[in-house]
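Asker: Below is the structure I would like to discuss, written out as structure tokens.
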Amino acid sequence: MKLGYFPGCSLQGSASEFDESLQAIAPALGLELIEIPDWNCCGASAAHNLNRLLALALPARTLALAERTGLAEVLVPCSACYSRLILTRHELDQDEGLRRQVSEIIGMEYQGTARVLNILEVMGQIFQDGLKGKITKPFEHPVACYYGCLLVRPPKVVQFDRPEDPRTMDELMKKIGAKPIDWAFKVECCGAGFSISRTDLVAKLSSKILADAQRRGAEAIIVTCPMCHANLDMRQEKAEKWAGRKYSMPVLYLTQAIGLALGLPEKKLALHQHLVPVSFPVKAKPAAKAKAETAPPPAGQSEE
Amino acid sequence: MSRIGVFLCHCGENIAGTVDPGKVVEAANRIPGVVHSVDYKYMCSDPGQNLIREAMRDKRLTGVVVAACSPRMHEPTFRRVCAESGLNPFLCEMANVREHCSWVHEKSELTTAKAIDLVRIMVEKAKRNRPLFPIKVPVTKTALVLGGGIAGIQASLDIANAGYKVLLVERDPSIGGHMAQLSETFPTLDCSQCILTPRMVEVAQHPNITLHTYSELESVDGFIGNFKVKIRKKARGIDEKLCTGCGVCAQKCPLKKIPSEFNAAMGMRTAIYTPFPQAVPNKPVIDKKRCTYYLKGKCKACEKACPAEAIRFDQPDEIIEVETGAIVCTTGFEVLSTEFFPEYGYGKPKDIITGLQFERLASASGPTLGAIRRPSDGKEPETVVFIACAGSRDPAKGIEYCSKICCMYTAKHAMLYKHKVHQGNAYVFYMDIRAGGKMYEEFVRRAIEEDGVKYIRGRVSRVYEQDGKLIVKGADTLLGAQPVEIEADLVVLATAMVANSGAEELAKKIHVSYDSYHFLAEAHPKLRPVETNTAGIFLAGACQAPRDIPETVAQASAAASKVAALFSADELSREPVIAVVHRTAPPIFSICEGCFMCEQACPFQAIEREEIKTRDGKLIKVVAKVNPGVCQGCGTCVALCRAKAIDLQGFTNEQVYAEVMAV
Amino acid sequence: MAEFEPKIVAFVCNWCTYAGADLTGTSRIKYAHNVRMIRLPCTGRIDFMLLLKAFARGADGVIVSGCHPGDCHYTAGNYHARRRWILFRQLLDFLGFDIRRLHFAWVSAAEGAKWAETVNSVVEEVRRLGPFQNYQQLARAGIE
Amino acid sequence: MDQLRKKARELLESGAVKTVIGYGQGSGKAVRAVFIRQPEQTEKLILDERCRQNLAVYLLKPEVKNLGKPAVVARLPVLRSILQLAAESQLADGQMVILGISPDGQLLDFASLKAVADYVSAQSLELPPPEREQLEQIEKKSPAERWNFWQEEFSRCVKCYACRASCPLCYCSRCAVECNQPQWISSASHARGNLEWHLVRAMHLAGRCVNCGDCARACPVGIPLNLLTRKLGEEVFKDFGLRAGTTPELKYALATFRPEDQEDFIR
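Residue numbers (numbering that gives the first Met the number 0), protein chains in the order written: chain Z, 0 to 303; chain L, 0 to 662; chain U, 0 to 143; chain D, 0 to 266.
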């Protein structure tokens, strides 16, 4: 699969391991990523609070560049970037006048031809036919799939999965042998933008998420959003202080989990960059392989 | 030569205040064909009416123009006056010099001039009026009632007791509808079945009522007084005449784990089943989608067991054709299921249930015999959270209306729960409490004050399971939107009352319109609440909008009285303002060329095809023919007809043309 | 020479616009006196020739008004009328007929105020256009 | 061509039809409609570019009907007229034999109206550029110019009604113009009477005209009045997606509607 690629600032900085792990698994999944030339900041978390036109112009420019490069689909791993790009596309689709205005501002024609895809959509497509054989080391752990707030909202715009109880990531996890737990905080707020300004809030919110994941026996939390990762991993210590209990809950990017299942070396997946060490209670079952493909329904959903 | 009389009303100062009556009368006198013209203070008063009567007699008037208020106001009055004095009422016209002149313009020459124009226009029309006679349509004095809920039951009984035949058609195996599912009813807390079942039995035994359960409407043709209806009587799989309703078949049926519709899936049923013990008729049906025999071709346990040998696996559906004079639609409603709510787990958590399901839990005849036990583990819940307005009044959910009954039944539910589980906690999240109705507000206060139900004003953003509990996250807007989190054992959603899934098709079948929520539309929200825009078809109950039982029953009786009124005459007469197709002597017979564009255009399917034949039966031509019983007189066909072969009585081309030429 | 007072003929349906105009009256909303209303059961009944005849009769402007789409008392008359007007306007325009003198409006039984506004704005526009010279010249060629 | 003559001959010989309506040599270079009733006369039949008259007009004329079941030599406009007349319950399957010649010279013998419809649907019904230009010529004039243009044209009209007589779709036994209670259309051929006539004629053909152009060809004073019906035909297609004479079940544009019909002039 050939896709345009918009890393955004996070994947070049705080979340470089997301980028590295994605690049690492791409070849194995037959995924070719063409980075949008001269892409720019999506304006996330700040621009849209200050200036609507700016908030639209920034993503519009990147998308326009993608169009020029002849890219029909653009993969945007960072949930914040994804949100900004898809919202922009939506708004400009609705309003021809606005589209022209923005096109003028960015000094090139924005047509809205390039589709914006999040990492789950892309992986979902790739995993459709189960990747027989490719899973060499099934990722056999109970995991909490954490989607965060931006991936599924606003439902009308993103039109991706079920807003309150999404399932795409859970399905993916089953396919690589993991057991997604049924839990309540899939789309709760982690504190996101307050990561720097109000760490106390982040501690509180993230702690609740970590607590529920732990209570329901998750051995790791899987995320697709650099913000979520920052708050759950980097701020986990603070969360533990706030809650007065230890979590020591590894927080992995989806791509890292997949990488492990593909048998890639931890180094290539940049697991070492996490603050909470990625280690699991050791247990090796011979029946693992078989299980990996015929993903067993996790406890939570079996009763249905 | 026409002899028109013009009668100008002052309407006190209302007209005379801005229009100069003298001038109008004088001008009217000069209009060709006008032989008499007077003005009077109040033309609609008795002396005024007498002026008209006398003039008609003395001046031998052939037409009357009353220049006064809007014809929508007094046309019937003055037409009656004419009729009483032997002048065909349709020779009387009104010039609207009040609403359309004196009230909307200042006193001036121009206003008087306009009044004169309006009079002249109507005089020119009146000159060309022809006597018209009401259209008589025979009436079949049998009513079809669609839906056997409380509305249908009430309507059927009222019509039947008025001495007319009734066909009651119910889709389900038994009549009773939602009311039969209820435990107690607000605000009196009397047991629903206790008050309903006697009515159900009455329906079954009434000599004037024919009951068709497990049957559906197939099609409706015809028009008021003369509907032709096809009903599909679905195969029950049993011979109703032989079946004694002993129930052995159900006992012997190996499939016992089918969610019972009647118990809103709170209980189970078998594949051959009677929906509930008091069902009317008390005869089982076989669920062909589930029955092993229909699926796999073997089993027949019921057949072996049936002492009456009444099982008929090969029974076909039956189409019944009936003629009815009126139709009462009482097809009721549905409630949203819990799957509708993402924030409440898409119906996944077993212990989040709908109000209707709670009714079954609380019902003495329900699966738990009235004990409140939560579905997941059958435990008695210590804390129950009731969420009002689940879906209702929420544009985001596409349901902007208020479901009306939820405030009341939620209070009732909380109350019932507290009565059964004294130490339990009941919380109600609400937006507003809407308890308008006799003893309603008092009822809610009782729940709050005497039974200690905790009311929290706010919405619930999320409910999720955690260690066997349901965590209810909401806000208390009376405490500054303070977040509230309650650990509940059972959550009851007062889910919105919505139109039946089949409402649209039904509406199309019976040619009535429906609103944006697919509730059937009444003819007028205030003045014709139980009529529809299709004459002879009436509505009652929740098929029209959310209703509680008292309103539903009142509406049902209202609809029944409309039907009774319709049936009270052997013929019904309709305004003769209808289209007619030109006919003339041979060799033309009719200038209609039979292109039947009118047939395509008619909103009422009133255009029929008529073959003109020679004496020896040779076809000469096929022309359009208007069915006077069906035509509503819109005149769309008239404007369409190129040859002017169709005309509209009361608004003929000649009349309207003359009006234009008189402006 | 007094200001030109245009003659406006209105063709209205009985159930919506006629009733709406009644409401204008009962609400005592004042509007221009220039309009003469002709009542028909439904806009579906309004033959396009009636409009032409009104002009022939010396009307400087014509208003056609009925129920809003979906509100027709006869369920669909106004939909048929709408198609008729779409084509009729096209044709008149193609013939160079001054279609600024031909006005259409949906006025419901509840829109008394809208009726007044409609009449006033039409009267004003037509007053600006002046007498309908080129049609009235034709009209002088005899009227039955 | 010979195939056509042969077929016509067979039909007459077998008595399958009583007359063949086609084109034959007229005086000088002109072609004219011929009504052939003798098999040997079928040799007279010709069919070439000059044969433009819409023969469908004869199918409803009593004089022709009296001749017995006809076969008609049909080119596209005739086929479309037949379909439209069928849509208006004026013609039905089996009432006539429909013959034609395909562009590559093959004989067309249509078994049914359905077959005609299939053939027509395979043809391009788009307005040919020159015809479209004619419309645009007028559309781009100012209203005043348009008014004067048509007044000038209509001023020549003598109300001979040749346009009506030549039109297969003007089949009313009593035309609106003959209606005098009330007199919708002034029968006098003065400026207003002429405008009223041409306007009514155009409206009555809206969504029905198959744009054969016979009305204009028939006009003795050369008024391009087919432009009016052509214009409306295009509007009907643009606004309502209907083209006259395409299927025998065609719905009449003015007798049907879609709630979402678009207009921009109703306040």
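Even for Gly, the Cβ is constructed at its ideal location relative to N, Cα and C.
Could you please give me the residues that DSSP links to Ile85 (chain U) through a beta bridge?
Answerer: Beta-bridge pairing links Ile85 (chain U) to no other residue.
Asker: Taking just the CA atoms, how far does Ser141 (chain D) sit from Asp21 (chain U)?
Answerer: Straight-line Cα distance between these residues: approximately 40 Å.
Asker: Taking Cβ-Cβ distances shorter than 9 Å, what residues in chain D pair up with Asn652 (chain L)?
Answerer: Here the neighbours are Cys178, Gln180, Pro181 and Trp183.
Asker: Quick one: grab the DSSP three-state call for Asp488 (chain L).
Answerer: In this structure, Asp488 (chain L) counts as coil in the three-state DSSP scheme.
Asker: May I ask you to report which of helix, strand or coil DSSP gives Gln24 (chain D)?
Answerer: Gln24 (chain D): strand per DSSP, three-state reduction.
Asker: Taking only the alpha-carbon atoms, compute the straight-line gap between Val483 (chain L) and Leu477 (chain L) and give it to the nearest angstrom.
Answerer: Cα to Cα, Val483 (chain L) sits roughly 12 Å from Leu477 (chain L).
Asker: What does a CB cutoff of less than 6 Å around Ser102 (chain Z) pick up in its chain, not counting 5 residues either side in sequence?
Answerer: Only Glu108 and Tyr109 meet the Cβ criterion.
Asker: Are there 16 or more other CB atoms within 10 angstroms of the CB of Leu116 (chain Z), so buried, or fewer, so exposed?
Answerer: Classification for Leu116 (chain Z): buried.
Asker: Runs of 4 residues minimum, wholly inside the stretch 185–246 of chain L: which ones carry the alpha helix (DSSP H) assignment?
Answerer: 191–204, all fully within the stretch 185–246 of chain L.
Asker: Have a look at Pro380 (chain L) and Gly111 (chain Z) and give me their C-alpha separation to the nearest angstrom.
Answerer: Using only the alpha carbons, I get a separation of about 54 Å.
Asker: So, for Arg669 (chain L): in the same chain, excluding its five sequence neighbours on each side, which residues have a beta-carbon less than 7 Å away from its beta-carbon?
Answerer: Residue 669 (chain L) cannot be examined here, being either before or after the span of chain L that is shown, 0 to 662.
Asker: Output needed in chain order: residues of the stretch 143–173 of chain Z with a Cβ under 7 Å from some Cβ in chain L.
Answerer: So the list reads Arg161, Pro162, Glu163 and Asp164, given in the order they occur along the chain.
Asker: Quick check: the Cα distance between Glu448 (chain L) and Trp14 (chain U), rounded to an integer number of angstroms?
Answerer: Taking the straight line joining both Cα atoms gives about 52 Å.
Asker: Which stretch, first to last residue, makes up the beta strand (DSSP E) that contains Trp105 (chain U)?
Answerer: Unbroken beta strand (DSSP E) run through Trp105 (chain U): Leu101 to Trp105.
Asker: Hey, how far is the Cα of Pro46 (chain L) from the Cα of Glu53 (chain L)?
Answerer: Computed Cα separation, rounded: 10 Å.
Asker: Could you name the residues that DSSP lists as bridge partners for Arg44 (chain U)?
Answerer: According to DSSP, which records beta bridges pairwise, Arg44 (chain U) is partnered with nothing at all.
Asker: Shortest alpha-carbon distance to Ala29 (chain D) belongs to which of D:Ala205, D:Phe236, D:Asp1 and D:Gln52?
Answerer: If we check each option's Cα against that of Ala29 (chain D), D:Gln52 comes out closest.
Asker: Mind listing the chain D neighbours of Phe595 (chain L)? Cutoff is C-beta to C-beta under 8 Å, in chain order.
Answerer: By Cβ distance, chain D contributes Glu87 and Ser88.
Asker: Between the alpha carbons of Gly593 (chain L) and Glu72 (chain Z), how many angstroms are there, rounded?
Answerer: Rounded to the nearest angstrom, the two C-alpha atoms are 59 Å apart.
Asker: I'd like to know if Leu39 (chain U) contacts chain L, where contact means its C-beta is closer than 8 Å to some C-beta of that chain.
Answerer: Closer than 8 Å to some Cβ of chain L, the Cβ of Leu39 (chain U) qualifies, so yes.
Asker: What in chain U is Cβ-close to Lys230 (chain D), meaning under 8 Å?
Answerer: Ordered by position in chain U, the residues that pass the 8 Å Cβ test against Lys230 (chain D) are Gln89, Leu90 and Phe93.
Asker: Compute the minimum distance between the beta carbon of Ala23 (chain Z) and the heavy atoms of the ligand MN, and state whether it is under 7 Å.
Answerer: You won't find the ligand MN in this model; it holds no ligand whatsoever.
Asker: Return helix, strand or coil for Ile28 (chain U), following the three-state DSSP convention.
Answerer: It is coil, neither helix nor strand.
Asker: Please tell me whether Ala337 (chain Z) has its Cβ less than 8 Å away from any Cβ of chain L.
Answerer: Nothing in the structure corresponds to residue 337 (chain Z), since chain Z is present only between 0 and 303.
Asker: Return no unless some Cβ of chain U is closer than 8 Å to the Cβ of Ala600 (chain L).
Answerer: Yes, Ala600 (chain L) lies at the interface with chain U (some Cβ there is under 8 Å from its Cβ).
Asker: Could you check if Glu701 (chain L) is buried or exposed, using at least 16 other CB atoms within 10 Å of its CB as the buried criterion?
Answerer: Lying before the first or after the last residue shown, residue 701 (chain L) is absent from chain L, which here runs from 0 to 662.
Asker: What residues from chain D crowd round Asp97 (chain U), counting only those whose CB sits closer than 7 Å?
Answerer: The contacting residues are Pro142.
Asker: Going straight from the alpha carbon of Gln136 (chain U) to that of His79 (chain U), what length do you get?
Answerer: Going by the C-alpha atoms only, they are around 32 Å apart.
Asker: Let me check one thing: in DSSP terms, what residues is Met660 (chain L) bridge-paired to?
Answerer: Bridge partners of Met660 (chain L): none, in fact.
Asker: Spatial neighbours of Val24 (chain L) within its chain, please: CB distance less than 8 Å, with the 5 preceding and 5 following residues excluded, ordered by chain position.
Answerer: Correct list, in chain order: Val5, Leu7, Ser36, Val37 and Asp38.
Asker: Quick one: grab the DSSP three-state call for Asp92 (chain U).
Answerer: Helix.
Asker: For Ala278 (chain L) and Tyr163 (chain L), what's the separation of their Cα atoms in angstroms?
Answerer: Cα-Cα distance, rounded: 25 Å.
Asker: Tell me the DSSP secondary structure of Gly232 (chain D) in three-state form.
Answerer: It is helical.
Asker: Three or more C-beta pairs under 8 Å: does that hold for the stretch 503–515 of chain L against the stretch 194–208 of chain L?
Answerer: Short answer: they don't touch.
Asker: If you drop the 5 nearest sequence neighbours on each side, which residues of the same chain put their C-beta closer than 7 Å to that of Ala644 (chain L)?
Answerer: Closer than 7 Å at Cβ, skipping near neighbours: Val580, His581, Ser589, Ile590 and Cys591.
Asker: Taking the CB atoms as reference points, tell me whether Arg359 (chain L) and Ala249 (chain L) lie closer together than 8 Å.
Answerer: Contact: no.
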